[in-house]
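Engineer:
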Amino acid sequence: MSSFSGQLPSALASAKASVLESVSAAAASASAAASSFEASVSAQIAAGRAEAKAVLEKTQGAGNATSDVTITGLPKAQAAGFNAALVTVVNSTRATASYAIRVDFSDESGKVVDTTFLNVKDLAAGATATPTAFSPLDRDQALLSRVVQAQRY
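Residues in the sequence shown are numbered from 991 upward in steps of one, following the working numbering.
(1) Applying the criterion that 16 or more other CB atoms from any shown protein chain within 10 Å of the CB defines a buried residue, is I1091 buried or exposed?
(2) Using three-state DSSP, classify R1092 as helix, strand or coil.
(3) Taking its Cβ as the centre, do 16 or more other Cβ atoms sit within 10 Å of R1136, making it buried, or is it exposed?
(4) To the nearest angstrom, how far is it from the Cα of S1125 to the Cα of A1085?
(5) Using only the alpha-carbon positions, how far apart do G1100 and L1064 sit?
(6) Should the segment 1116-1125 be regarded as contacting the segment 1074-1084, the criterion being three or more beta carbon pairs within less than 8 Å?
(7) For A1074, which residues from the same chain have a beta carbon less than 6 Å from its beta carbon, with the 5 sequence-adjacent residues on both sides left out?
(8) Are the Cβ atoms of Q1139 and L1046 separated by less than 7 Å?
(9) With respect to the beta strand (DSSP E) encompassing A1117, which residues constitute its N-terminal and C-terminal limits?
(10) In chain order, what residues of the same chain have a beta carbon less than 8 Å from the beta carbon of I1061, not counting five sequence neighbours either side?
(11) Just the Cα atoms here: how many angstroms apart are G1051 and R1039?
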């Protein structure tokens, strides 16, 4: 038996280089696609929050859908160290509806330290949605979350 030593034949070396280039190009393409997707999702979330805020600015009082919305605080271990709450929206009507929701985060003295807006679009009659409200502020302390306004529109 003989063992191989030396250089790969040029055709094999060329094929190896081509495969490595293809893999590198595919990885770059996947990274660009992921970045584009993340930017798209961020833009959709921002647009939804802006729409919810606009709806709630025109809403008097707590809104017409507070009975359709409940909130449950999440342990920081499940929320990457953030203060977070799972918001459950049940469309109690017989028609598809959208919901604008305002969630306040308060410290233990009751002072509101952060507010976030959620938008649930086109929820079918009888269906449930469970968006999560996050606060990036005061990560070193536990904040209490509560639904302040909920408007069905």
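Just so you know, even glycine gets a beta-carbon here, dropped at the ideal spot from N, CA and C.
Predicted model only: the values in this text are computed from it and were never measured.
Structural biologist: Taking the structure as given:
(1) buried
(2) If DSSP states are grouped into helix, strand and coil, R1092 belongs with the strands.
(3) exposed
(4) 32 Å
(5) 19 Å
(6) yes
(7) L1064, T1122 and F1124
(8) yes
(9) Premise fails: A1117 is in no beta strand (DSSP E) and is neither H nor E.
(10) A1075, L1076, V1077, T1078, V1093, A1123, S1135, R1136 and V1137
(11) 19 Å
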